[in-house]
Structures are given as structure tokens and as C-alpha cells.
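Here the structure comes first, spelled out in C-alpha cells, and everything after it is commentary.
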Amino acid sequence: MTLNCISRISLPNRSAAPLGAYRSLAGICLAAASLLALGCGETIDDVLEGDGDAFTSIYESEEFQTCSGCHAPGAPGRVDGIETTQNWSTRDAAHTTLKRTAAGLIGNNAGCNGVPFLGATAEQSLLVASLDEDVRAGYDNPSFPGCTPDAIADQTLKIGGPLPAALLQQLKDWVNDGAP
Ligand code: HEC
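Here the sequence shown stands for residues 609 to 788, numbered as in our numbering.
Take a look at the structure:
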């Protein structure tokens, strides 16, 4: 929904309306805009979704804020064998590095090195598989036969429990929308 203020409010005939009428309409617009914490021309969706960016709200969730404790250069939880490509230290770094491929995994998890975090769908995404038991169980990437469900480490163990269903769905929707 767009609040276009004056242009959407039907004005009285311009030539007939005294200047004061415009001033008071502008005042109403400003008052309405500030009540809604919107600037003229900004959309309510922009405000609700943080500039309309689904990834920002995923990144800012309590659960995804924990990823940077380990997946960031110099993070306190960085250990040998951790996945090293992801950098969750900022929203933009996370957004950029999630478009890349997994690296640094050792032992049982080594079969997923080189695998893109994001696939064409949520079901085909290593990122989602690492956070959702069902997606993990069905994960099959013909280009990386070594990245079996057993090779994909369950990250909910690292963040203290499963993602809330709504947040998991938000993540899946974002991936299915092409991870904008
Ligand atoms: C306590 C440290 C820690 C936290 C917190 C953590 N990770 Fe990890 N992550 C690891 C380690 C270590 C590995 C290597 C495999 C393993 O041992 O789990 C890993 C592996 C991964 C992998 C590769 C999985 C595979 O086996 O192919 C992905 C994807 C991943 N993490 C995403 C995340 C996301 C997203 C978050 C936040 C929701 C997160 N991790 C939180 C430590 C962590």
C-alpha cells in the first residue's frame, strides 16, 4: 500500500482553494505520516518487512544471530573442521557468502565441501538441510554424491534447538523465491 499523501487526497478545485486549504492538507499528511512512522511515498510493506527485504528479517532473528558466534572470521566458536565460507558477521556478508559453496569441512562432513549452500529450491539447499531434519533426510545432490544426509551436520544442535516453524518457513520461502 502506498501513502502518496497529497496526490491521493482529492483536492478541491485548485484555483478555487485558498492557500490555507493546501497547508492544512499538508499538515494532515505529515500528521498521518508521523503517526504511521512513514515518510510520504514510503510503503507500509517497506516498514513491516524492513525495506521489503525478507533476508534482513531472517538475519535479524534471534536464532540466526547466533551463527556469527562460530561462522565468521575470528569468531570465538570457530573450530577445526567448521564450515569456513559462511560469514554471518553482518547481514550483507551473510547474504553474499550464502551464494557460495561449503568449504573447510572434515571427517564425516567432508563430502559436502564444494556444495552450494543454496539450491533451486529449499529442498535442494544445503543451508536448509543443515537446519531441517526432513529436508536433510531427503537431500540428494547428484553432483556431490558424498554429501549424503549423514554427512550434513545438524546445525540446530549448535543453536540450542530447532528453528521456530515460522522462521524455518520464512527461510524456505526466501530460498524458493530465488534468495533475493
Ligand atoms: C557453536 C558453533 C556453531 C554455531 C553457533 C553454528 N555453526 Fe554451523 N557449523 C559449525 C561446525 C563446527 C560445523 C562443521 C560440522 C559440524 O561439526 O557441525 C558447521 C557446519 C555448518 C554447515 C555445513 C553443514 C554440512 O555438514 O555440510 C552449515 C550450512 C552451517 N554450519 C550453517 C550454520 C548456520 C546457518 C548457523 C546459525 C543458524 C550455524 N551454522 C551455527 C559450528 C557452528
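Think of the CB as a built atom: it goes at the ideal place given N, C-alpha and C, for glycine as much as any other residue. All values derive from a computational prediction rather than experimental measurement.
Between which two residues does the alpha helix (DSSP H) holding residue i run?
i, result
"E668", "A662 to E668"
"R686", "Run containing R686: none; DSSP gives neither H nor E here."
"G769", "Segment: none, G769 is in no alpha helix (DSSP H) and carries neither H nor E."
Could you name the residues of the same chain whose beta carbon sits closer than 8 Å to that of residue i, not counting the 5 residues immediately before and after it, in chain order?
i, result
"S738", "R744, I760, A761, D762 and Q763"
"S632", "The pLDDT assigned to S632 is 43, lower than 50, so where the model puts this residue is not dependable; a value taken from the coordinates is nonetheless given after this. No residues qualify anywhere along the chain."
Spatial neighbours of residue i within its chain, please: CB distance less than 7 Å, with the 5 preceding and 5 following residues excluded, ordered by chain position.
i, result
"A639", "Unreliable positioning characterises A639 in this predicted model, as indicated by a pLDDT of 39, which lies under 50. The coordinate reading is nonetheless provided below. Answer for A639: no residue qualifies."
"G768", "none"
Going by DSSP, name the residue or residues bridged to residue i.
i, result
"P806", "The structure shown does not extend to residue 806, since the chain is modelled only from 609 to 788, so the question has no answer here."
By Cβ distance, which residues of its chain are closer than 6 Å to residue i, with the 5 residues on each side in sequence left out?
i, result
"Q778", "I666"
"A730", "V736, K780, V783 and N784"
"D748", "none"
"H679", "Q694 and W696"
"G719", "G754, C755 and A759"
Check: Three or more C-beta pairs closer than 8 Å, one from the region 693-710 and one from the region 718-726: is that the case here?
Finding: They touch, by the three-pair rule.
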